[in-house]
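Residue numbers (my numbering): 7 to 405.
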Ligand code: MG
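Following this line, the structure appears as structure tokens:
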């Protein structure tokens, strides 16, 4: 089998957060595989599209079953693949999309779901959590401010069967305005030192969520908008509420800062959504700075690299929560790997992914039931773009 062409789909969904970028790798045997570049958010969309155009050219004529050789080729036969963290997130975002597509082809060619090729079913049920409840939980994306609304969003998630939620309690100011754009607000400091108001408001929101259910697992997300000092201030205040883990407390590239946060708080630390490849994760694991790794399969180097990161983390007793806040192809790939790995912790269901325009992009709408997924049993990654989505997207074909 040989790769004959690669289609790159730039979708326009009307969703304020996500305009996903997908790829379809086509072969001379008529089997195609789908992948996703993880830059639907974050202002690097055209970097992702441009990089995948460059790398797609290199895979024409290769056997897509040789995912390991292809991954090495991207690293060794390009100049930037040998840069810091194997070229970094934009380079690896493109590798990720093409790599996931080759796994999809491999599964389809062999007639098995990818999890069987990644080690088989270690986790028959994939426990999931409701993510980013500061934007409410449901069909509408809106900033919520009042602790009562945080409690209500939690109740909504619990009513769907979730037993774990994630929230950034400093993300929305008391007036309902998103706290970090277009520039920092000196009256709502999340870096340097927290004001009594920020600390009180953030605590009251998380307390309202805790009061909904004493058994709820609560993940605190800080999006690295806090620093070492402010995340320690907030973390110490929240400790009494029982925190499942604390995500991106400080600069996600600085091992020493992350380790100092870990040393000062009685809660596990999570990070990894902005990291590419094992090379980025290793120093955090070696330093004991992270207990839950969060690689994004559409950013970090695909399923080939994602599996290795999970195994690396396992040596250091670190669990895995795949970062999933892209489109349905990203979710499908995550479910396949999560089914197989022994150190799986929980799957992220981002509120952005619940929106109808995102769910309609793919043939299958995999969603958790009673807070967990069954592992998709379709051959390959278990999802693909609809004909309609491909037709409506701007398409670039590389051949
Ligand atoms: Mg995050």
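The beta-carbon is built from N, C-alpha and C at its ideal position, and this holds for glycine as well.
Discussion item. Check this for me: beta carbons of residue 403 and residue 368, under 8 Å apart or not?
Written reply: Not in contact: residue 403 and residue 368 (Cβ atoms no closer than 8 Å).
Practice prompt. Name, in chain order, the residues that DSSP records as bridge partners for residue 368.
Written response: DSSP lists 391 as partners of residue 368.
Practice prompt. Say yes only if the C-beta of residue 357 is nearer than 7 Å to one or more non-hydrogen atoms of the ligand MG, and no if none qualify.
Written response: Checking the Cβ of residue 357 against the ligand MG gives no.
Discussion item. So, under 8 Å CB-CB, residue 242 and residue 271 are touching, yes? Tell me the CB distance rounded to an integer number of Å.
Written reply: Indeed, because the Cβ distance is near 7 Å, the residues count as touching under 8 Å.
Item to complete: Using 10 angstroms around the beta-carbon of residue 153, count the other beta-carbons present and answer buried if the total reaches 16, otherwise exposed.
Response: So residue 153 counts as buried.
Worksheet item: How about residue 290 and residue 264: are their beta carbons less than 8 Å apart?
Response: Pairing residue 290 with residue 264 gives a Cβ-Cβ distance under 8 Å.
Worksheet item: Cβ of residue 353 versus every heavy atom of the ligand MG: is any distance shorter than 7 Å?
Response: Residue 353: no, Cβ never under 7 Å from the ligand MG.
Worksheet item: At what residues does the alpha helix (DSSP H) containing residue 247 begin and finish?
Response: Where residue 247 is concerned, there is no enclosing alpha helix (DSSP H), given that its DSSP letter is neither H nor E.
Worksheet item: Secondary structure at residue 132, three-state DSSP: helix, strand or coil?
Response: Three-state result, residue 132: strand.
Practice prompt. Tell me whether residue 372 counts as near the ligand MG, meaning its Cβ is closer than 7 Å to at least one heavy atom of that ligand.
Written response: In terms of side-chain proximity, the C-beta atom of residue 372 is found no nearer than 7 Å to any non-hydrogen atom of the ligand MG.
Discussion item. For a test of your reading of the model: does the CB of residue 254 fall under 7 Å from any non-hydrogen atom of the ligand MG? Yes or no.
Written reply: With a cutoff of 7 Å, residue 254 counts as near the ligand MG, since its C-beta is closer than that to a heavy atom of the ligand.
Practice prompt. Could you spell out where the beta strand (DSSP E) holding residue 403 opens and where it closes?
Written response: Counted as a single uninterrupted DSSP element, the beta strand (DSSP E) harbouring residue 403 occupies residues 400-404.
Discussion item. Any contact between the segment 101-110 and the segment 307-314? By contact I mean 3 or more CB pairs, one from each, below 8 Å.
Written reply: Counting Cβ pairs under 8 Å, three or more are found: they touch.
Discussion item. Going by DSSP in three states, residue 156 sits in which element: helix, strand or coil?
Written reply: The answer is helix: DSSP assigns residue 156 an H, G or I state.
Worksheet item: DSSP on residue 276, reduced to helix/strand/coil?
Response: DSSP places residue 276 in strand when its eight states are reduced to three.
Worksheet item: Apart from the five residues on each side of it in sequence, which residues of its chain come closer than 8 Å, Cβ to Cβ, to residue 375?
Response: Take residue 375, set aside five residues on each side of it, and the residues of its chain with a beta-carbon closer than 8 Å to its own are 167, in chain order.
Discussion item. Suppose contacts are defined by Cβ-Cβ distances below 8 Å. Is residue 359 in contact with residue 26 by that definition?
Written reply: Contact annotation: residue 359 and residue 26 have beta-carbon atoms that are not nearer than 8 Å.
Worksheet entry | Three or more C-beta pairs below 8 Å linking the segment 222-238 and the segment 250-258 | Taking 8 Å as the limit for Cβ pairs, the verdict is that the segment 250-258 does touch the segment 222-238.
Discussion item. Below 8 Å, how does it come out for the segment 193-207 and the segment 131-150: are there three or more Cβ pairs, yes or no?
Written reply: Segments in contact, no.
Worksheet item: Would you say the beta carbon of residue 147 comes nearer than 7 Å to a heavy atom of the ligand MG?
Response: Residue 147 Cβ: outside cutoff for every heavy atom of the ligand MG.
Fill in: Straight-line gap, residue 187 to residue 194 (C-alpha atoms, nearest Å)
Distance between the alpha carbons of residue 187 and residue 194 is about 12 Å.
Discussion item. Taking the straight line between their C-alpha atoms, what separation do you get for residue 66 and residue 405?
Written reply: Straight through space, the alpha carbons of residue 405 and residue 66 are spaced by roughly 7 Å.
Worksheet entry | 8 Å contact criterion, which residue 37 and residue 114 should meet: CB distance rounded | About 5 Å separates the two Cβ atoms, so the contact holds.
Item to complete: Could you tell me which of 246, 328 and 83 sits nearest to residue 276, measuring between CA atoms?
Response: Nearest C-alpha to residue 276: 328.
Worksheet entry | Simplified DSSP state of residue 37, which is helix, strand or coil | In the displayed model, residue 37 falls within coil according to three-state DSSP, outside both helix and strand.
Item to complete: Please go through the segment 185-267 and give each complete alpha helix (DSSP H) segment of 4 or more residues, from N-terminal end onward.
Response: Correct list: 202-218 and 234-244.
Practice prompt. Identify, in the order they occur along the chain, each residue of the same chain with its Cβ nearer than 8 Å to the Cβ of residue 213, setting aside the five sequence neighbours on each side.
Written response: Excluding sequence neighbours, residue 213 sits near 153 and 247.
Worksheet item: With respect to 7 Å, is the separation between the Cβ of residue 311 and the closest non-hydrogen atom of the ligand MG below this value?
Response: Not under cutoff, so the answer is no.
Item to complete: Out of 45, 43 and 11, state which residue places its alpha-carbon closest to the alpha-carbon of residue 34.
Response: If we check each option's Cα against that of residue 34, 11 comes out closest.
Worksheet item: Which first and last residues belong to the alpha helix (DSSP H) in which residue 379 is found?
Response: Residue 379 -> not in any alpha helix (DSSP H); beta strand (DSSP E) instead, spanning 378-380.
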